[in-house]
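Protein chains in written order, with this note's numbering: chain R, 65 to 784; chain B, 83 to 301. Note that the Cβ used here is the ideal one computed from N, Cα and C, for glycine as well.
In structure tokens form, the structure reads like this:
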């Protein structure tokens, strides 16, 4: 190989020179033939987590509820009563920017497969979306396509989308974030199925859609920054078929429930390569695979493309030969094919055949366990606090409500089927999603991460990504049990980005430990960088919580005229924002230990029958949160006082505040809890009909609703 | 013991299990009717064609399902006067199978829509014994729920009392004359776009769905 040929090869397979050296050393020779494709796929950032593995070990903390965590397709926690849930969050950022509809749709499909691969029936979907400014190039079409893709896939496959978060900021103008989360339920009789191949002589079976050229090199594409030519990468985006996925869900769950399979793995990033190599490496066995037996969409697809294809809705399973017939019967009944590709052989090597020729024989561990692991240099975290206070806070509630950042998201979630499955107790209208478990208990789900905080302080933002959604659960009487995360960052080769990554990961890990709610699954998406511009570091999270009963859960909007409104504040950090981009100044420091103790007190209040409605004060501060608690008729009269001395104080954000409303006597119930935790509580007003008064400023509720509801139309005139 | 309630299951049907639970909730016995099989109508007390999607709604909503073997038996059941309920996609299937008049086309807003709506009972039939004009609240979730029928046929439907439910306040899909549900001439085959099985308990946001699903108890 000449120098030029080598350079071309490395470019084509997106491998570095150092990695080429590692390959030579591991193999004892130059890589040959399809080996290039294998290394390219499995050593991509997307598959190998080579820049993040060192730091992800910091999520090692586990609680007694954890049954499965990192290393499997999704984490699983035990809920007691014979019920368990699997959940995970994953990014599909790059494909969604290139081809919004299919990118988002296949993101949903992929995360669902991670869940049902384990034997859990998917019961809920959620999505965390970060878009650029509405007026940015293509943005309106991207928003339209992403939402339609999620809706088109999730609705058809029959899993309700129950909650979400949508952010807008210029740092996402050229690199949007589309993170999908799925939750699956195991009932008492459902086994947890893992992906480690076992049993020499067992068969390797391919199930699902046929293999085409779509998504070839998708994993390595997702591991690269974007340049000017992102549109030319469109052919690397996969095409989804939710109907096929639905058939796969039903048939796979059936074969697992009947104990017909030894191991099963979905073909996600890097397709059949990653699924087969990971199954073999985990099981410590070898595999003999006949690639010419892979069902093809087009007979001209060759072995290398088969290995790299990311065609959707495909699964690989291992079964005992005597169970093959029963497996095929199930899949045929569901209109699917199950083809035998090969068998499990004595380890450690995988043998790949193409029409009787052995084209590759390699130890899968070279590609999985021996993948590069980088300790990327990073700048130690220092808070980027430039100012302690801003000159003015000229924000007005009316402007907030009609801003892209603050207006109603109904246009988005109205396109999602939020009730299929007949378990939805609270839908996207609410501050938390609640699904009713078969035992009658409630499973709560909230997403987190506020990019506005990440922009000023990655450590604080990391803590908040764990604490804020957990507080929302607690305020409804749900105990946070576990977290999943989707760590969206820019280029890890830049020390300042890596510094934010490390700070956020350490903060998330610390918060989860303090709350006894471990991080049990997740995904890292690096290289969210276009033309040298990095996105806001965005460690999105999903937190799952449990409540023993679905009776008497506090509402998110006021319930009774005349109820008293209590503000309960942990006086730690105070923000002052000067614009919708919310480049904030702030003062004070967060005490994570104190925050987690306070959270448990909030949880106890969330269970109190005295609380008729609750809400955590979040973006834009108290005034905005009070508006969000107003119903069609019921508003609030809130006075100024120690909690807000000047009108501008209603628009300061603090870590943390919770609003509670309920019949007279509520404050007396909160006060002792406040005393125990160094927090403060005040009765700040009462629920009233028709208006929202903040101090002397009284606003007509109807007018506010109009602004809040028409805001979307104002920013996306082409979409409504 | 009363006869079971047959629930039709096509490839890709996704509200099948929800209807199953709703039927069990009424202390009745549900039984699957698989798309590829035929059945004996008299073995069942009533039938539900559930919603969601069937065959991915490829070609046209309900078009592929309408041609499956199970529909042959369902047509026999309908002719015998047994009660048949179509929900959402089931409504589309029954129209495609010509057990009901009209068709369901893309929502006026072009987008899928999930929300709670208010319905008004126009004519009672086998599937509802409320007073005419009664109002209930149910959730809708569909992309192609806009009922359309030729004007002459619409006039005949009105004369025969085939309009079952109309949207009482907001029409989520732009259907002709706000129609949300219709019946056949004999009034044993009825279908609606909203999902009664998603409104069986207060915790679901309301239990008005019982006003429809409860008819199974009388079947």
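Item, Value
"Round the Cβ separation of residue 677 of chain R and residue 619 of chain R to the nearest angstrom and send it over; I've been treating them as touching at under 8 Å.", "4 Å"
"Sort B:191, B:98, B:95 and B:264 by Cα distance to residue 306 of chain B and report the nearest one.", "As shown, chain B starts at 83 and ends at 301. That puts residue 306 of chain B outside it, with no answer to give."
"Short of 9 Å Cβ to Cβ, which residues in the stretch 176-199 of chain B face chain R?", "191, 193, 194, 195, 196 and 197"
"So residue 311 of chain R contacts chain B; which residues on that side make the cut at Cβ distance below 7 Å?", "93 and 94"
"Buried or exposed for residue 790 of chain R, please, with buried defined as at least 16 other CB atoms from any protein chain shown within 10 angstroms of its CB.", "Only positions 65 to 784 of chain R appear in this structure, which leaves residue 790 of chain R out of reach."
"Would you verify that the beta carbon of residue 52 of chain B is, or is not, closer than 8 Å to some beta carbon of chain R?", "Beyond the ends of chain B as shown, which are 83 and 301, falls residue 52 of chain B; an answer cannot be given."
"If you check the beta carbons only, do residue 141 of chain R and residue 546 of chain R fall under 8 Å apart?", "yes"
"Under 8 Å Cβ-Cβ, which residues of chain B neighbour residue 398 of chain R?", "93"
"Less than 8 Å between the CB atoms is what I'm expecting for residue 681 of chain R and residue 723 of chain R, so what's the real figure, rounded?", "6 Å"
"Chain B partners of residue 215 of chain R, CB-CB under 7 Å?", "194"
"Confirm, please, whether the CB-CB distance from residue 755 of chain R to residue 771 of chain R is below 8 Å.", "no"
"Please return the same chain residues whose Cβ sits closer than 6 Å to the Cβ of residue 85 of chain B, not counting the five positions on each side in sequence.", "126 and 127"
"Which residues does DSSP list as the beta-bridge partners of residue 764 of chain R?", "R:755"
"For residue 791 of chain R, which three-state DSSP category applies?", "Nothing in the structure corresponds to residue 791 of chain R, since chain R is present only between 65 and 784."
"Quick one: residues in its chain with C-beta nearer than 6 Å to the C-beta of residue 280 of chain R, no 5 flanking neighbours on either side, listed in chain order?", "369, 372 and 373"
"Select from R:551, R:730 and R:543 the residue whose C-alpha is nearest the C-alpha of residue 630 of chain R.", "R:730"
"Taking only three categories from DSSP, how would you classify residue 77 of chain R?", "coil"
"At a CB-CB cut-off below 9 Å, which residues of chain R make contact with residue 173 of chain B?", "Here the premise fails: no neighbours, minimum Cβ distance about 16 Å."
"So residue 221 of chain B contacts chain R; which residues on that side make the cut at Cβ distance below 7 Å?", "483"
"At which residue ranges does the stretch 163-204 of chain B contain complete alpha helix (DSSP H) runs of 4 or more residues, listed in the order of the chain?", "171-178"
"Tell me the residue span of the alpha helix (DSSP H) that contains residue 206 of chain R.", "203-221"
"Kindly indicate the opening and closing residues of the beta strand (DSSP E) around residue 230 of chain B.", "228-230"
"Among the candidates B:109, B:122, B:102 and B:110, whose CA atom is the shortest distance from the CA of residue 131 of chain B?", "B:102"
"Can you tell me which of B:203, B:175, B:87 and B:254 puts its alpha carbon nearest to the alpha carbon of residue 108 of chain B?", "B:87"
"The alpha helix (DSSP H) that contains residue 275 of chain R, what's its start and end?", "Element bounds for residue 275 of chain R: n/a, residue is neither H nor E."
"Looking at the C-beta of residue 121 of chain B, does it have a partner C-beta in chain R at a distance below 8 Å?", "no"
"Return the Cβ separation of residue 658 of chain R and residue 741 of chain R in integer angstroms, given the expectation that the two are a contact with Cβ distance under 8 Å.", "7 Å"
"Output yes if chain B places a C-beta closer than 8 Å to the C-beta of residue 165 of chain R; else output no.", "no"
"Give the single residue among B:166, B:200, B:171 and B:286 whose Cα lies nearest to the Cα of residue 140 of chain B.", "B:171"
"Skipping 5 residues on each side, what residues in its chain have a beta carbon closer than 7 Å to that of residue 180 of chain R?", "186, 248, 313, 316 and 317"
"At a Cβ cut of 7 Å, what residues of the stretch 222-254 of chain B count as close to chain R, listed as they run along the chain?", "223"
"Tell me which residues of the stretch 313-345 of chain R have at least one Cβ-Cβ distance to chain B shorter than 7 Å, keeping chain order.", "none"
"Measuring straight from C-alpha to C-alpha, what distance separates residue 405 of chain R and residue 144 of chain B?", "36 Å"
"Please confirm whether residue 307 of chain R and residue 134 of chain B have their CB atoms less than 8 Å apart.", "no"
"Residue 489 of chain R touches chain B at which residues, Cβ-Cβ below 9 Å?", "285, 286 and 287"
"Measuring CA to CA, which of R:259, R:410, R:197 and R:476 is closest to residue 214 of chain R?", "R:476"
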